[in-house]
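Undergrad: Per our numbering, the sequence shown runs over residues 23 to 251.
Cβ atoms here follow ideal geometry from the backbone N, Cα and C, with glycine treated the same way.
Treat the numbers as computed from the prediction; the structure is a model and nothing was measured.
Supplied in structure tokens, the structure appears directly below.
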Amino acid sequence: MLSSGGATAAEPLIRASDDVPVDISRLPAREAAERELSKPMYHENDPNLLERALNRFWDWVGSLFEGAAGAGIGGTAGLVVIVLVVIALAAALWWRLGTPQRTPGATDSLFEDGPRSAAEHRTTAEAHAAAGRWNQAVQERMRAIVRSLEERTFLTPRPGRTADEAAAEAGRSLPSHADELRAAARMFDDITYGGRTADRRMYERLRDLDVELERAKPQPAEAAQGAAE
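This is the structure we're talking about:
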């Protein structure tokens, strides 16, 4: 009876010792898992910011198709509506942000193809204008203006000079034309670096400035300083 009872009494104790629960706190375990998953090795193949933005955009386009199908707008008509919406949004963004501009740097030289005379630049500019290539015509006319100022010693020839630098330097010797020179330099930069398209009016403005500068004479230092003030 004792052995039978002893064996019976010991059974629950053994099971109890075998089934003792291990009490692990959830918060430290979660923090350890988060630290482990935050290591760079787990994120090497994650999409970058641009990829995530494109994924969201295509998800949005897909939701448009699903919404159109759910509303009963199917077939060609639904597709046309969605395409028009996407085009309208793209046009709105383009109008709001404009053409991406590139700021000219120190290496953006006005002259790209070696030394040429002002007369040669003018001839090339007129040829571009006659063919309706207004961008090239404006660029060559601006180069003709600067080269002419160098030939007439209003400017000291210097490799790597930008249009803005030439306009600022020449404006000190020709203060009455300083504003037009700065405007011409901005025009050159916008067309060459900013994606702007020139037209006949812009070219004729530079051509007229070129003619006016040909007749201009440098002012004495005292007069130039007084005009600047």
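1) With LEU231 as the anchor, note down where its alpha helix (DSSP H) starts and where it stops.
2) With DSSP as the reference, label PRO197 as helix, strand or coil.
3) Starting from ARG183, follow the alpha helix (DSSP H) in both directions and report where the run begins and ends.
4) Check GLY84 in the structure and name its three-state DSSP category.
5) Taking the alpha-carbon positions, what's the GLN247 to HIS199 distance?
6) Which term fits ALA128, buried or exposed, when burial requires 16 or more other beta carbons within 10 angstroms of its beta carbon?
7) In angstroms, rounded to a whole number, what distance separates the CA positions of GLN123 and ARG194?
8) Considering ALA153, what are the terminal residues of the alpha helix (DSSP H) in which it resides?
9) Alpha carbon to alpha carbon, how far is PRO126 from GLU53?
10) Which of helix, strand or coil does DSSP assign to PHE210?
11) Under 8 Å Cβ to Cβ from TRP156, same chain only, skipping five residues before and after it: list those, please.
12) How about ARG163 and ARG229: do their beta carbons lie closer than 9 Å?
13) Report back the beta-carbon spacing between SER170 and ALA140 to the nearest angstrom; my notes put them in contact at under 8 Å.
14) Sorted by chain position, which residues of the same chain lie with C-beta nearer than 6 Å to LYS239's C-beta, five sequence neighbours on each side aside?
15) Quick check on the burial criterion: 16 or more other C-beta atoms within 10 angstroms. Buried or exposed for ALA75?
16) Skipping 5 residues on each side, what residues in its chain have a beta carbon closer than 6 Å to that of PHE210?
17) For ASP232, count neighbouring C-beta atoms within 10 Å of its own C-beta (all shown protein chains included) and say buried if the count is 16 or more, exposed if not.
18) To the nearest angstrom, report how far apart HIS143 and GLY154 are at their CA atoms.
19) Enumerate in chain order the residues of its own chain whose CB-to-CB distance from ILE252 is below 6 Å, with the five nearest sequence positions on each side excluded.
TA: Well, looking at it:
1) As a working note, residue 231 is residue 209 in the sequence shown. Here the alpha helix (DSSP H) through LEU231 covers 222–237.
2) By one-based count along the sequence shown, residue 197 stands at place 175. Helix at PRO197.
3) Looking up residue 183 in the sequence shown gives position 161. Looking at the DSSP string, ARG183 is not in any alpha helix (DSSP H), and its letter there is neither H nor E.
4) Taking the first residue of the sequence shown as position 1, residue 84 is located at position 62. DSSP places GLY84 in helix when its eight states are reduced to three.
5) For this step, residue 247 is matched to residue 225 along the sequence shown. For this step, residue 199 is matched to residue 177 along the sequence shown. Residue confidence for GLN247 is low, a pLDDT of 47 falling below 50, so the modelled location carries little weight; the figure read from the coordinates is stated next. In a straight line, the C-alpha of GLN247 is about 14 Å away from that of HIS199.
6) Taking the first residue of the sequence shown as position 1, residue 128 is located at position 106. In this prediction, ALA128 scores a pLDDT of 40, lower than 50, which makes its location untrustworthy; the coordinate-derived value is nonetheless stated afterwards. ALA128 is exposed by the Cβ-count criterion.
7) Your numbering for residue 123 matches position 101 in the sequence shown. Your numbering for residue 194 matches position 172 in the sequence shown. Note that GLN123 scores 49 on pLDDT, short of 50, meaning its location in the model is unreliable and no value can be drawn from it.
8) Within the sequence shown, the letter at position 131 stands for residue 153. Element bounds for ALA153: n/a, residue is neither H nor E.
9) Within the sequence shown, numbered from 1, the residue matching residue 126 stands at position 104. Within the sequence shown, numbered from 1, the residue matching residue 53 stands at position 31. For PRO126, the predicted model reports a pLDDT of 45, less than 50, meaning its position is unreliable; a value from the coordinates is still stated below. Taking the straight line from one Cα to the other gives about 50 Å.
10) Taking the first residue of the sequence shown as position 1, residue 210 is located at position 188. PHE210 falls in the helix class under three-state DSSP.
11) Here residue 156 refers to the residue found at position 134 of the sequence shown. Result list for TRP156: HIS150, THR219, ALA220, ASP221, ARG222, MET224 and TYR225, in chain order.
12) The residue you call residue 163 lines up with position 141 of the sequence shown. The residue you call residue 229 lines up with position 207 of the sequence shown. Contact flag set, yes.
13) For this step, residue 170 is matched to residue 148 along the sequence shown. For this step, residue 140 is matched to residue 118 along the sequence shown. Confirmed, Cβ separation roughly 4 Å.
14) By 1-based counting over the sequence shown, the position of residue 239 is 217. Exclusion of the five residues before and after LYS239 leaves no residue of its chain whose Cβ lies closer than 6 Å to its Cβ.
15) Along the sequence shown, one-based indexing puts residue 75 at 53. The C-beta of ALA75 has fewer than 16 other C-beta atoms within 10 Å across all chains shown, which makes the residue exposed.
16) As a first step, residue 210 must be located in the sequence shown, where it is residue number 188. Closer than 6 Å at the Cβ level, and outside the excluded window around PHE210, lie MET164 and ALA185.
17) Looking up residue 232 in the sequence shown gives position 210. Result: buried.
18) For the purposes of this step, residue 143 is taken as residue 121 along the sequence shown, with counting starting at 1. For the purposes of this step, residue 154 is taken as residue 132 along the sequence shown, with counting starting at 1. For HIS143 and GLY154, the distance between alpha carbons rounds to 16 Å.
19) In the structure displayed, the chain extends from 23 to 251; residue 252 sits before or after that span and is not available.
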